[in-house]
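There are 2 protein chains.
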Amino acid sequence: MASPAIQELTDSLPDGTVIVDADVAAAYSRDRTDVLAAGAPLAVVSARSTDDVARAMAWAHAHDVPVVTRGAGTGLSGGATATPGCLVLSLAKMNRILSIEPDDFVARVEAGVINGDLDRAAKPHGLMYAPDPSSMDISTIGGNIATNAGGLRCVKYGVTRNSVRSLTVVLADGRVLRTGHDTVKGVSGLDMVGLFCGSEGTLGVITEATVALVPRPAGDPVTLLAPFPTADAALGAVSAAMRLGADPELMEFMDRRTLQSIDDWKGTDFASSGGMVLSQVTGPDAAARAELIAEAFRAGGADDVAVSANPAEGEQLIAVRRLAYPAKERLGHALTEDVCVPRSRLAHMMRFIDRLAAEKDLTICTVAHAGDGNLHPVFIYDGATPADVPGVVWESAGEIFREALRVGGTLTGEHGVGTLKRRFLAEELGDVGVDVQRAIKAALDPKGLLNPSKALA
Amino acid sequence: MASPAIQELTDSLPDGTVIVDADVAAAYSRDRTDVLAAGAPLAVVSARSTDDVARAMAWAHAHDVPVVTRGAGTGLSGGATATPGCLVLSLAKMNRILSIEPDDFVARVEAGVINGDLDRAAKPHGLMYAPDPSSMDISTIGGNIATNAGGLRCVKYGVTRNSVRSLTVVLADGRVLRTGHDTVKGVSGLDMVGLFCGSEGTLGVITEATVALVPRPAGDPVTLLAPFPTADAALGAVSAAMRLGADPELMEFMDRRTLQSIDDWKGTDFASSGGMVLSQVTGPDAAARAELIAEAFRAGGADDVAVSANPAEGEQLIAVRRLAYPAKERLGHALTEDVCVPRSRLAHMMRFIDRLAAEKDLTICTVAHAGDGNLHPVFIYDGATPADVPGVVWESAGEIFREALRVGGTLTGEHGVGTLKRRFLAEELGDVGVDVQRAIKAALDPKGLLNPSKALA
Chain A
1 MASPAIQELT DSLPDGTVIV DADVAAAYSR DRTDVLAAGA PLAVVSARST
51 DDVARAMAWA HAHDVPVVTR GAGTGLSGGA TATPGCLVLS LAKMNRILSI
101 EPDDFVARVE AGVINGDLDR AAKPHGLMYA PDPSSMDIST IGGNIATNAG
151 GLRCVKYGVT RNSVRSLTVV LADGRVLRTG HDTVKGVSGL DMVGLFCGSE
201 GTLGVITEAT VALVPRPAGD PVTLLAPFPT ADAALGAVSA AMRLGADPEL
251 MEFMDRRTLQ SIDDWKGTDF ASSGGMVLSQ VTGPDAAARA ELIAEAFRAG
301 GADDVAVSAN PAEGEQLIAV RRLAYPAKER LGHALTEDVC VPRSRLAHMM
351 RFIDRLAAEK DLTICTVAHA GDGNLHPVFI YDGATPADVP GVVWESAGEI
401 FREALRVGGT LTGEHGVGTL KRRFLAEELG DVGVDVQRAI KAALDPKGLL
451 NPSKALA
Chain B
1 MASPAIQELT DSLPDGTVIV DADVAAAYSR DRTDVLAAGA PLAVVSARST
51 DDVARAMAWA HAHDVPVVTR GAGTGLSGGA TATPGCLVLS LAKMNRILSI
101 EPDDFVARVE AGVINGDLDR AAKPHGLMYA PDPSSMDIST IGGNIATNAG
151 GLRCVKYGVT RNSVRSLTVV LADGRVLRTG HDTVKGVSGL DMVGLFCGSE
201 GTLGVITEAT VALVPRPAGD PVTLLAPFPT ADAALGAVSA AMRLGADPEL
251 MEFMDRRTLQ SIDDWKGTDF ASSGGMVLSQ VTGPDAAARA ELIAEAFRAG
301 GADDVAVSAN PAEGEQLIAV RRLAYPAKER LGHALTEDVC VPRSRLAHMM
351 RFIDRLAAEK DLTICTVAHA GDGNLHPVFI YDGATPADVP GVVWESAGEI
401 FREALRVGGT LTGEHGVGTL KRRFLAEELG DVGVDVQRAI KAALDPKGLL
451 NPSKALA
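Protein chains in written order, with full-length UniProt numbering: chain A, 1 to 457; chain B, 1 to 457.
Printed below as a string of structure tokens:
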């Protein structure tokens, strides 16, 4: 790329928007997928408005420059990994909460607003932003939408898509699209909002969103933590509890290997069980609903179900789950996988993973958003750098993907396809699925400039 | 169309699948939008399998014949009105419930399954199918998905889209696409399920679906009916009640003119109020949640809130709402409109509608799914046939659409664009929106054969 083109870009945008220094640009070239190498970007645009993005896209379109969009770069699938010679478009500075409408339960935000910041801003209105990916304190709403992020509370409130009403999207040629409905219901025209949610930067650049808020549950939540003799028993009890209609907002499973990693760190004795389940209920009748769940856990083989008597006790129980990731990371480098299966197949998947770990002599610690059937097997490995992933780890991850597909599941429940799962995607979508999705991509990005070599792009 | 082509179609399908008799075919040429005239179809295919649909579509594609798909024909926007010379594809006989998976909270159904039949089949498993359009006893799941139908329980469970996991779709050229995720979460690939939901037969033919079920609420529901001095007071109280997080599954408003029509029929005295609100809560703590709502209603000016003490009393209260449509239909022909606005603008819309009715000397009875901001102004008019809609009614409906758009709402909350609202759609979508949606349409149906002259097609 000749520098006159870069000069044209710089001239078309406010001062300080375009970063060409290679070292600074490199800091924008990767997300948290540290197993991947990034290409060197041509330049970075640190946009402060939809207009900045529109100008940058119009420029990229005119010059046939590929564009990799990023929020806070917290992705775990390489969805925001820079490709060589691309323009990186950072939306991190578009971080204004434009309005909160307490009577309509909506907020208008720029794409770079941090998820947790919106939730905190909603709180004085008695409202909350339901989607809660584990990265909520560091990831952006725009990134959450682009990956249709999940989270722990999905079991009650659904995925990010369910909280998105309308979007402002800059198209591949720089035109600005306003699409969707700010209202609860709306069926005029095609559901473009759903199409952009989870499209991983391959169809357009999401710059603003109107998102739904929900009433913040009144009263204190009640939290439960239950050790089970086996993973089978734990996951069976999860199924039984889900059928009660108690509407929990947490239903998390930790396997014995995860508990062992916590024990090794904290000197606890959790791994004497075969697996633990953490649950939480909220609302005016939380205590009664928690008791329903506790009974299901006891009937499923948990002799000693801890039920919080107050929020402080609840926090202590949740702390166990919060330890799960840092405890694993103490063991070595960690590759976090993310498959989702029908809930009834969770126990099967745990047996499959345990057998795989034994056969291949691997350390795999698994947590699951069990109410949703979403498993995170975390592979622990040694190496000079995180990028030194042993072949047996990749192969074993592949075996888990294929088994998840075989039992009616999916490659990725909430992290996205990005770079890491590209080679498996066609297997899940099938030939017709690939054709149709490529046709959609071609309709919206005929030059193929948006996030090339990610997902299906 | 020469008869050899029809013969080819007939030969390619099982006996009795193709209907060419003009009188019989005419019975498949319209939905419940009785204000519209239908064209004469070339033939009707009454499909019994996805394979039948695939063969019919391949034939239509080869012969450039437009295709109008229909379920039970209960639509109110002319989405299934036959165009002259089209092939009508009826899925009404694809009415098998293929499986119910009680542990995974899903059912697999053919598109022609009646909504209420699925709900009844789920009941023995302690589950329910949440989407409940008023037509639930006569409309099909496939039609509900094709229009992304709403309903009364949306206020708690969301629209049809929220209950659809995966689809089998026959594409415009006859290929069969399986798309979506049977799991709760799934982010591999683009959200094609959302794209087909609400696409009104313009992108493909939905033949099967995996839909989500939810635990049927335990215990008796508690129902509330509250008369308010004015519509403003009623709608203000709805907003206040929604902010409590009591999670009602009904929050319905009836205006004074609607109540008058019931009084005229049944000799009641509802119209001495300025509007009534019906609500219902379910679950183990329904009584406590109902009391929260009752207090909000009282604080909003309702002196006499009826709260059901048992299910029979609840049914009596709901019966008032059920009378609303038949009571209006006694007054003359009825054109039911369907706009959705931010909930905070409901009171404004009611004042707008009342003023319009007074200025134009029209009878407009309005009910609203008030928790969702979804209004149904019903225009009553005289005429030899329902198709004799006075010009002033069309003009006034147009004024309501434009006012809804002006305050941040949409043309249609749950009925769809179909034929009736086509001329307003571009106004809502904007130029870029129209371009993008047309590009998607062209990508999936390049010959433009699927439901021509409906929605954006």
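We treat Cβ as the ideally placed atom computed from N, Cα and C, and that holds for glycine.
Only a predicted model underlies this, so the values are computations on that prediction, with no experimental measurement involved.
Asked: Local conformation of residue 1(A) per DSSP, three classes; Found: Low per-residue confidence applies at residue 1(A): pLDDT is 49, beneath 50, and the placement is therefore not dependable, though the value from the model is reported in the following sentence. DSSP places residue 1(A) in coil when its eight states are reduced to three.
Asked: Min CB distance residue 272(B) to chain A below 7 angstroms; Found: no
Asked: Rounded straight-line distance, which links the Cα of residue 378(A) to that of residue 429(A); Found: 25 angstroms
Asked: Residue 255(A) - DSSP class collapsed to helix/strand/coil; Found: strand
Asked: Beta-carbon contacts of residue 34(B) that lie in its chain and below 6 angstroms, excluding the five residues immediately before and after; Found: 386
Asked: Interface flag, residue 373(B) vs chain A, CB-CB below 7 angstroms; Found: yes
Asked: CB of residue 138(B) within 7 angstroms of CB of residue 74(B), strictly; Found: yes
Asked: Per-residue DSSP class, three states only, for residue 270(B); Found: helix
Asked: Cross-chain neighbours of residue 185(B) in chain A, by beta carbon under 7 angstroms; Found: 150, 154, 159, 340, 372, 374, 413 and 414
Asked: Closer than 7 angstroms to chain B by CB, residue 440(A); Found: yes
Asked: Member of 148(B), 199(B), 330(B) and 373(B) whose CA lies at the smallest distance from the CA of residue 252(B); Found: 373(B)
Asked: Test item: CB-CB of residue 45(A) and residue 10(A) under 7 angstroms; Found: no
Asked: Three or more C-beta pairs below 8 angstroms linking the stretch 276-288 of chain B and the stretch 230-248 of chain B; Found: yes
Asked: Beta strand (DSSP E) segment containing residue 28(B), residue limits; Found: Looking at the DSSP string, residue 28(B) is not in any beta strand (DSSP E), and its letter there is neither H nor E.
Asked: For residue 381(B) and residue 265(B), the rounded distance between their alpha carbons; Found: 18 angstroms
Asked: Per-residue contacts from residue 215(A) into chain B (C-beta, under 9 angstroms); Found: 242, 243, 244, 245, 246 and 247
Asked: The stretch 196-208 of chain A contacting the stretch 154-169 of chain A, beta-carbon criterion three pairs below 8 angstroms; Found: yes
Asked: Spatially closest choice to residue 415(B) from 8(A), 442(A), 61(A) and 187(A), by CA coordinates; Found: 187(A)
Asked: Residues that residue 162(B) contacts on chain A, provided the C-beta gap is smaller than 8 angstroms; Found: 158 and 162
Asked: Pair within 7 angstroms by beta-carbon distance, residue 290(A) and residue 224(A); Found: yes
Asked: Beta carbon of residue 146(B) nearer than 7 angstroms to that of residue 206(B); Found: yes
Asked: Whole-angstrom C-beta distance between residue 418(A) and residue 78(A), which should lie under 8 angstroms; Found: 4 angstroms
Asked: Neighbour flag for residue 316(B) against chain E, beta carbons, 7 angstroms; Found: Checking the listed chains, one finds no chain E in this structure; the protein chains it contains are A and B.
Asked: Residue 160(A), DSSP secondary structure in three states; Found: helix
Asked: Close Cβ partners of residue 526(A) (< 8 angstroms) along its chain, the five nearest in sequence each way excluded; Found: No answer is possible for residue 526(A): the residues shown for chain A start at 1 and end at 457.
Asked: Segment contact, 8 angstroms Cβ cut-off, at least three pairs: the stretch 48-58 of chain B with the stretch 22-33 of chain B; Found: no
Asked: Below-7 angstroms beta-carbon distance, residue 221(B) vs any chain A residue; Found: no
Asked: Collapsed DSSP secondary structure at residue 105(A) in the structure displayed; Found: coil
Asked: Alpha-carbon spacing of residue 369(A) relative to residue 151(A), whole angstroms; Found: 8 angstroms
Asked: Per-residue DSSP class, three states only, for residue 381(A); Found: strand
Asked: Touching by the beta-carbon criterion (3+ pairs, under 8 angstroms), the stretch 440-455 of chain A and the stretch 20-27 of chain B; Found: no
Asked: The stretch 401-415 of chain B in contact with the stretch 212-222 of chain A per 3-pair CB rule at 8 angstroms; Found: no
Asked: Of the residues 233(B), 286(B) and 287(B), the one placed nearest residue 276(B), counting alpha carbons only; Found: 233(B)
Asked: Distance between beta carbons of residue 65(A) and residue 157(A), contact taken as under 8 angstroms; Found: 39 angstroms between Cβ atoms; not a contact.
Asked: Residue 6(B) to residue 43(B) span [Cα, whole Å]; Found: 8 angstroms
Asked: Residue 298(B) beta carbon less than 7 angstroms from that of residue 307(B); Found: no
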